[in-house]
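See structure below.
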Ligand SMILES: *Cc1c(COP(=O)(O)O)cnc(C)c1O
């Protein structure tokens, strides 16, 4: 179908919640995307950090197709090998004790919020339910995770919100002013993605961890965006030497199919019991087979390569004229320039490079297996656009 026709039908029939870029994605391979008119692009967005091994990746695709040929869905009333294997591998690699699978980042965070409240209720009874999140955080779009999101822009229109959330500055002074005897958990993104790829301060996170441990407050790390090898560490909290009680992830985990995981560490291993939580689609065997193939490949050598590529990108971006700041870790990069981020992204698109924005930053989330040549091509376009 003709590009203009697709776009006009989209405007007529799709809920008007997205400010889409002017491109109809048709197909791709690796870090290359091809649009409906046959134009090629280098993909530094991966569908917001989702297609973590690029498009049409053979290993991932074979894992998914092999499972489709067996059974496409098994509800959670029965056992199925891919879900079990994925949970086992995640636990072995992280030290988590149990995993709950949902279908998205928001659902993973919903599970974390429910688990934190139940942990506290089981141990301390009523009234200890408050969760501290950080200003500029992003935790999802459902009512609970929207409430958890510490940005005023998200808190219009949809009230009343859930009770029991407080928003702290990203420092201990902020945490202390939010803390009360009702606090049951603190939820943080070690690297805040949506608000501009902001790396949290390591000393703050270590102090926060200590503060939480001393008071039996659960530390929840939202690794929906920064997890699954994105930063050159399997999970970003590892780079900060943290020991969270709950870790949530999604985006890149499924390699392109929807999945969310809530990983429960020692304290809340037994918090959830039969009937406490559930989902129809969560832990789908096809998605889990794909995710299993993703996590298996994120070994130490591969993660070191991601770190190397990230350092190379960052160094070269910081040399571009008009770049004010480069943030992030590994292949999760935020670029502040003297131009509006959307404008930079539109211009990059015209020249064959797909990038994201996050607040005032240009955001790069390329496939983890992007090649050196593709990185150089991307750098060339970024340089042309930003230094103008
Ligand atoms: C994207 C994101 C979410 C929400 O994930 P969905 O899959 O869109 O529900 C939650 N937390 C963080 C840090 C994210 O980046």
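Numbering (this note's numbering), first residue to last: 11 to 398.
Positions of the beta carbon are idealized from the N, C-alpha and C atoms, including for glycine.
Just so we're clear, the structure is a prediction, and the values are computed from it rather than from any experiment.
Kindly indicate the opening and closing residues of the beta strand (DSSP E) around residue i.
| i | result |
| --- | --- |
| residue 373 | 371 to 374 |
| residue 178 | 175 to 178 |
| residue 366 | 366 to 368 |
| residue 51 | 50 to 53 |
| residue 38 | 35 to 39 |
State buried or exposed for residue i, treating a residue as buried only when at least 16 other CB atoms are found within 10 Å of its CB.
| i | result |
| --- | --- |
| residue 189 | buried |
| residue 325 | exposed |
| residue 105 | exposed |
| residue 290 | exposed |
| residue 16 | exposed |
| residue 11 | exposed |
| residue 361 | exposed |
| residue 224 | exposed |
| residue 30 | exposed |
| residue 353 | exposed |
| residue 263 | buried |
| residue 90 | buried |
| residue 199 | buried |
| residue 53 | buried |
| residue 334 | exposed |
Does the distance between the C-beta of residue i and the nearest non-hydrogen atom of ligand 1 fall short of 8 Å?
| i | result |
| --- | --- |
| residue 155 | yes |
| residue 121 | no |
| residue 150 | yes |
| residue 29 | no |
| residue 261 | yes |
| residue 58 | yes |
| residue 203 | yes |
| residue 146 | no |
| residue 114 | yes |
| residue 236 | yes |
| residue 311 | no |
| residue 348 | no |
| residue 270 | yes |
| residue 224 | no |
| residue 47 | no |
| residue 232 | yes |
What residue does the alpha helix (DSSP H) around residue i start on, and which one ends it?
| i | result |
| --- | --- |
| residue 153 | 153 to 158 |
| residue 260 | Here residue 260 belongs to no alpha helix (DSSP H), and DSSP marks it neither H nor E. |
| residue 68 | 68 to 78 |
| residue 13 | 13 to 23 |
I'd like to confirm the pairing. Which residues does DSSP put opposite residue i in its beta bridges?
| i | result |
| --- | --- |
| residue 270 | 112 |
| residue 265 | 267 |
| residue 286 | Partner(s): none; residue 286 has no beta bridge. |
| residue 346 | 335 |
| residue 145 | 160 |
| residue 202 | 208 |
| residue 231 | 198 and 257 |
Check: Okay, do the region 341 to 351 and the region 317 to 327 touch, 3+ Cβ pairs below 8 Å being the bar?
Finding: A contact exists between the region 341 to 351 and the region 317 to 327.
Check: Would you call the region 179 to 195 and the region 140 to 149 touching, i.e. three or more CB-CB distances under 8 Å?
Finding: Counting Cβ pairs under 8 Å, three or more are found: they touch.
Check: Given 8 Å as the limit, is there contact between the region 372 to 379 and the region 271 to 283, that is, 3 or more CB pairs closer than that?
Finding: With a cut-off of 8 Å on Cβ pairs, the region 372 to 379 is not in contact with the region 271 to 283, counting fewer than three such pairs.
Check: Counting pairs of beta carbons, one from the region 268 to 278 and one from the region 33 to 42, are three or more of them closer than 8 Å?
Finding: Flag = no, the region 268 to 278 and the region 33 to 42 do not touch.
Note to self: Tell me whether the region 71 to 82 and the region 380 to 394 touch, counting them as touching only if at least three CB pairs, one residue from each stretch, are closer than 8 Å.
What the structure shows: The region 71 to 82, when compared against the region 380 to 394, does not touch it at the 8 Å Cβ threshold.
Check: Touch check for the region 294 to 305 and the region 90 to 109: three-plus C-beta pairs under 8 Å?
Finding: Yes: the two stretches touch, three or more of their Cβ pairs being nearer than 8 Å.
Notebook entry, point to check: For the 8 Å Cβ check, are there 3 or more pairs between the region 119 to 138 and the region 229 to 240?
Noted result: Enough Cβ pairs lie closer than 8 Å, so yes.
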